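Residue numbers (the working numbering): 632 to 894. The structure under discussion appears below in the form of structure tokens.
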């Protein structure tokens, strides 16, 4: 056996050993009912080819994305009905490239700030960009699209804050995304596919509007945001009502009907 072939074989065997060790509890049920180790070789080969094609697709879509469009306008366009899925994917990938540091979803924790004057939190809009990108990619008839979508989700999962606020609890659209990934890019990430608690719908980000008390926010189990629009525990400057799709200013004192938006 040639040294190069032996090296590749050892490399693949090592990868498979690591995968089985780390995700074995989910392996038997997650990878298409596979019973033999050869199935992992096939899936690993598909992953290598698919990710390579996905990078080419990503480059092509970024080249098609609108130039000189503001981040806010790109985010807003993600949810317009007259945008095609290819256009939506291009917009979302462009926004990811701009809003995440170095375009890396694993750096979600480093995002902060609001778009002014619209008062839309950038950290929440970053979640929107990623999930819209993944969903749109999965609708494209391209072999690399699903693996690019998987790569984006796996990168996001590397962020501790993103896991807490954007994956463990997620809008209903994310459940459908994960189910499609299981079929089209069937190699689960380390630890297995997430099983999120469903709460609300996309988009995550909203314009901050109205006022609400800390007590009311706590009663309705809202998530507090700091002054840079980042989710946090305890109290905060803003209250994110995920279930109803609203973000409020947090105000002390008693509720006053004329300034407190109805639920």
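Just so it is clear, CB atoms sit at the ideal spot from N, CA and C, and this is done for glycine as well. Treat the numbers as computed from the prediction; the structure is a model and nothing was measured.
Residues in the same chain with beta-carbon distance under 8 Å from residue 803, minus the five sequence neighbours each way, listed in chain order, please. 829, 831, 832
- prompt: Do three or more CB pairs link the region 737 to 748 to the region 776 to 784 at distances below 8 Å?
  reply: no
For the region 757 to 823, list the beta strand (DSSP E) runs that are entirely contained and at least 3 residues long, ordered along the chain. none
Span of the alpha helix (DSSP H) holding residue 704?
702 to 708
Check: Ordered along the chain, which non-local residues of its own chain (more than five positions away) have a Cβ less than 6 Å from that of residue 861?
Finding: 743, 754
Can you find at least 3 beta carbon pairs, one from the region 793 to 808 and one from the region 704 to 714, that sit closer than 8 Å? no
Practice task
Helix, strand or coil for residue 722, going by three-state DSSP, please let me know.
Solution key: helix
Report task. Take the Cβ of residue 877 as the centre, count every other Cβ of all protein chains shown within 10 Å, and call the residue buried at 16 or more, exposed below. Result -> buried
Subject >> Cβ neighbour criterion (16 or more within 10 Å) applied to residue 725 >> reply: buried
request  = Output the boundary residues of the beta strand (DSSP E) element that contains residue 870.
outcome  = 869 to 872
Going by C-alpha to C-alpha distance, which of 715, 716, 721 sits closest to residue 687? 721
- Using DSSP with H/G/I as helix, E/B as strand and the rest coil, what is residue 678? helix
Exercise. Where does residue 876 sit, in a helix, a strand or coil, going by DSSP?
Worked result: coil
*Could you tell me if residue 855 is buried or exposed, where buried requires 16 or more neighbouring beta carbons within 10 angstroms of its beta carbon?*
buried
* Confirm, please, whether the CB-CB distance from residue 834 to residue 728 is below 7 Å. => no
Note to self: Alpha carbons only, please: which of 751, 717, 756 is nearest the one belonging to residue 731?
What the structure shows: 756
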